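Enquirer:
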Amino acid sequence: MDTSWFTKAWANPQALSDNLWLIIALPAFGALVCGVFGRALGRTYVNLVACASVLASFFLSVFAFQAVAADPSVIVTSAANGQPLRFALSGDWGVWFQAGSFSAHFGLWVDHLSATMLMVVTGVGFLIHLYSTAYMEHDPGYWRFFAYLNLFMASMLTLVLADNLVLLFVGWEGVGLCSYLLIGFWYTDAANAWAGRKAFIANRVGDCAFLLAMMLLVLTVTAFARAPSAEPPAIFFAQRRAVFAHAATSEPGPLNFKVLEEFAQYIPASLAMGSKGLLGTDIPIGPLAGHTYGHTLTVIFLLLLLGAAGKSAQLPLYVWLPDAMAGPTPVSALIHAATMVTAGVYLLCRMAPLLVMSPAAMATVAVVGALTALYAALLAFAQDDLKKVLAYSTISQLGYMFLGVGVGFFWGAILHLVTHACFKGCLFLSAGSVMHGNDGELNIKKLGCLRKEMPWTTACFGIATLAITGIVPLSGFFSKDDILHGALHTHLLGYEWVMPTVFAIGSLGAVATAFYMSRAYLLAFTGERAKDAKVPHAHESGWVMVAPLVILAALSIVLLLHGFPGVLKTPAGQPETLMEAFLKPVFGVADKLAVEAHSLEPETESNPWPGFVIALALAWVGGAAAWYLYKRVFPARAGKPVPAVFAAVRSFTVHKFYVDELYDAVLVRPIKLLSIGLFRVVDEGLIDTVLVGGTGWVTARIGSLLRYLQTGDVQAYAAMMAVGLLAGVGYAIFEVLAK
Amino acid sequence: MEISPVDTQNYLLLAATLFCTGMLGVLVRRNALVVFMSIELMLNAANLTFLAAARERLDSTGHLAALFVIAVAAAEAAIGLAIVIAVFRNRGTVNVEDIRTMKY
């Protein structure tokens, strides 16, 4: 067999690089066609355009992925020092904008990380487009839906392909906009429109932090690039710095990822020189002068974390995601489970080389992730709406990804992102299929026994449930437990307490996950058909809806290969997973820098299997508890009054721990009161009455006094003119005489 | 016998006198027709000034301005007299003191 098939790029890498923009342009073009001509084109052609544009994007992505993954000749050089950086395709379409010495480029690149994301976004995206053609079959707004969905794809791909933070931010805002549009897709129902607004505003809080972080980052990097070369740590690498300074202050700009990576490399290098290192040094020039680089970096990453928490629905900004389920189900699957909400994880991973320089920020990310993972899982306990259960589950799983990032286990976080996209996409699409077959019913207490009537959906939901629960041998087990295992065996220097803590919280969360997912599955798909069901018999959906389910379910099994420990060996002989090896070109830099900077001590050789056995046991415990409660205890107690304790706990959980109420009382109401106050006093009182009304009033009064000058006597007017003339003449004479 | 040329100053003094007379007439006379004549007086005072200046400077710009003033004065007289006639037909008087309805 010809092995060059595997080691050569299928398409010419240069041609691919030059045409990367097509990956974004195709869905954008689809959005334009569907949005402008959609109504005239009709359903068939809209479906065709929407799916075909994403499919074409997917094929291009496959070629790009293959080129990056297989062909070692595809090398991108560092913008900062011209050294080979890693295998990547990259294209640059010139300067987007320039402000002073700051510039941002239209630059795209595909390295191993963005290639992985590309496959997830376009692959899962295409399946969901296909599914939507059947799901939106009877909706009159189909063309609007597909236009938004295609626009979302374009934005998400911009986010993933961008080679600098500014362009990434464009995609970041674009997906936020599409999320808003699609949550409120059925806007005639006020609740949906409000859910959209809630999502938009919660995201806005995060975006604001993101912007601040970018500005601080620009200041920090340019301050370093321009610092007088006699400053203590900078003096040691004066030679390389000249190239870096040019890269950071003119082309391609300080927010280019390659430049940021280069910047990160100075930090451990400065440590090696004996002084307190760059992190302990004060920034010498610029508005940040006097603060140390280390503190500034920590602040930047805490702000980025807040931005990521807004987009990825982490504490404390998670509140929008459950309400986002108001949108059509394919949207929940694509945007609010598989792709957009993982943007925060992608962002932090993209910034990994710098992130590891701030152990405090790492610890915060890990703790936020762990708390979210457990907290959201607990909230899912008492939700009766299948989509709400899945929404909380998404928040919880995103928490695991943040946990992975926080403990420096970046490839684990990305692996979990990929597997989660598959199994959670499958779960959501199954939920959509259930809705389709049960006349829109989603209350798991009013379903039951779908096993017989919807065998395909049940099977796929079952597989995905097992995957998310973490049962061997499905993908979720390896991705989640790789993260927990990593948490236990990594040491964040200065924050040693973090690792065991997040491991414990994460494991508890795993039990909770098993519990609520089993509960949802058992109640909805097994047992008797509920007496108050909307329709007496459900019907299975057509193949267009079932096929994506089956593919995603199959993927959630197959992806276990990528997390299976010990498939590969590192040159040093340590066992390595496929995903770890694949993402090494990206995260290897971060790991190396972390070790050199003494901020993180990554996993040393350890046997993961004992941990895996414990994790498996925990998953069984959670699942068994759900089975025992909902199959044995509660059916047996049917008809008897519920004990007061259970009722209280349930009520507390159903009300989502009263967090919405708390936010309402602490934030929304005071802001509303303040706004009403400002409206009444400043707007109505000061501006409307005093400024606008007052100007008119004064003018009217003066006018009504002056009108008595208009006597109607033409000679009086002539006299006034004469007096004026005399005054002028008198002034002129005075001027002449005064000289 | 040669007539000595008149000094420009004298023209200007004459013009000022004419102008003041005209202005006085505009301010104090009650008959609209007399007011009109006073205005003509003022315009011609201006003309005289222009021509005196033209003579002093030995160029024709002043003549040009004076011609313009004559044209404007003619137009003004035509319209003004039409108004006066219209007012007389309506009210039976051309006394400006009696015509002060356009007031506050």
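As they're listed, the protein sequences go chains E and V.
Read in order, the letters of the first sequence are residues 1 to 739 in this note's numbering.
Read in order, the letters of the second sequence are residues 1001 to 1104 in this note's numbering.
All C-beta atoms in this analysis are idealised placements derived from N, C-alpha and C, irrespective of residue type, glycine included.
It should be emphasised that the depicted structure is a prediction, and the values quoted were computed from it without experimental measurement.
1. Which term fits Arg350 of chain E, buried or exposed, when burial requires 16 or more other beta carbons within 10 angstroms of its beta carbon?
2. Return the chain-ordered list of same chain residues with a C-beta closer than 8 Å to the C-beta of His291 of chain E, the five sequence neighbours on each side being excluded.
3. Should Ser433 of chain E and Met517 of chain E be called a contact, given that it needs their Cβ atoms to be closer than 9 Å?
4. Using the beta-carbon of each residue, which ones in chain E are nearer than 9 Å to Met1023 of chain V?
5. Near Ala147 of chain E, which residues of its chain fall below 7 Å by C-beta distance, leaving aside the five closest residues on each side in sequence?
6. Could you tell me if Leu674 of chain E is buried or exposed, where buried requires 16 or more neighbouring beta carbons within 10 angstroms of its beta carbon?
7. In terms of DSSP beta bridges, what is Trp109 of chain E paired with?
8. Chain V beta carbons: is any one of them nearer than 9 Å to that of Tyr708 of chain E?
9. For Arg1100 of chain V, return the contacting residues in chain E, with the cut-off set at a CB-CB distance below 7 Å.
10. Note down the Cα distance separating Thr364 of chain E from Val46 of chain E, rounded to an integer number of angstroms.
11. How about Ala512 of chain E and Leu378 of chain E: do their beta carbons lie closer than 9 Å?
12. Are the CB atoms of Ala510 of chain E and Lys534 of chain E nearer to each other than 9 Å?
13. Examine chain V for any beta-carbon lying closer than 9 Å to the beta-carbon of Tyr731 of chain E, and answer yes or no.
14. Is it true that the CB of Ser430 of chain E sits closer than 9 Å to the CB of Ala324 of chain E?
15. Tell me whether Pro268 of chain E sits in a helix, a strand or coil according to DSSP, three-state version.
16. Can you grab the Cα-Cα spacing for the pair Met153 of chain E / Ala28 of chain E, in whole Å?
17. Give a yes or no on whether the C-beta atoms belonging to Ala380 of chain E and Tyr400 of chain E are separated by under 9 Å.
18. So is Glu1097 of chain V in contact with chain E if we call contact Cβ pairs under 9 Å?
19. Which residue marks the beginning of the beta strand (DSSP E) containing Ile75 of chain E, and which one marks its end?
20. Please give the ranges of any alpha helix (DSSP H) in the stretch 604-638 of chain E, keeping only runs that are unbroken, at least 4 residues long and fully inside the region.
21. With distances taken between CB atoms, is the gap from Val1072 of chain V to Ala718 of chain E smaller than 9 Å?
22. Could you name the residues of the stretch 1010-1034 of chain V whose beta carbon sits closer than 9 Å to any beta carbon of chain E, in the order they occur along the chain?
23. Taking all protein chains shown into account, do 16 or more other C-beta atoms lie within 10 angstroms of the C-beta of Asp1007 of chain V, making it buried, or fewer, making it exposed?
24. Measuring CA to CA, which of E:Asn256, E:Leu560, E:Phe402 and E:Phe224 is closest to Lys311 of chain E?
25. Does any C-beta atom of chain V lie closer than 9 Å to the C-beta of Ala700 of chain E?
26. Compare the C-alpha of Thr44 of chain E against each of E:Ala11, E:Ile183, E:Ala134 and E:Thr77 and name the closest.
27. Does DSSP put Thr342 of chain E in a helix, a strand or coil?
28. Between the alpha carbons of Ala202 of chain E and Phe301 of chain E, how many angstroms are there, rounded?
29. So the alpha helix (DSSP H) Leu1058 of chain V belongs to, where does it begin and stop?
30. Work out the CA separation of Ser1060 of chain V and Phe1019 of chain V for me, nearest whole Å.
31. For Phe409 of chain E, does the three-state DSSP call read helix, strand or coil?
32. Under 7 Å Cβ to Cβ from Ile444 of chain E, same chain only, skipping five residues before and after it: list those, please.
33. Taking the alpha-carbon of Leu600 of chain E as reference, which of E:Ile702, E:Leu493, E:Val550 and E:Val668 has the nearest alpha-carbon?
Expert: Taking the definition as stated:
1. buried
2. Asp282 and Ile283
3. no
4. Ala718, Ala722 and Leu725
5. Ala31, Cys34, Gly35 and Gly38
6. exposed
7. E:Ser90
8. yes
9. Thr711, Gly712 and Asp713
10. 45 Å
11. yes
12. no
13. no
14. no
15. helix
16. 8 Å
17. no
18. yes
19. Ile75 to Thr77
20. 609-627
21. no
22. Met1023, Val1026, Leu1027, Val1028, Arg1029, Arg1030 and Ala1032
23. exposed
24. E:Phe402
25. no
26. E:Ala134
27. helix
28. 19 Å
29. That residue, Leu1058 of chain V, is in no alpha helix (DSSP H); it is neither H nor E in DSSP.
30. 23 Å
31. coil
32. Asp384, Leu386, Ala520, Leu523 and Ala524
33. E:Leu493
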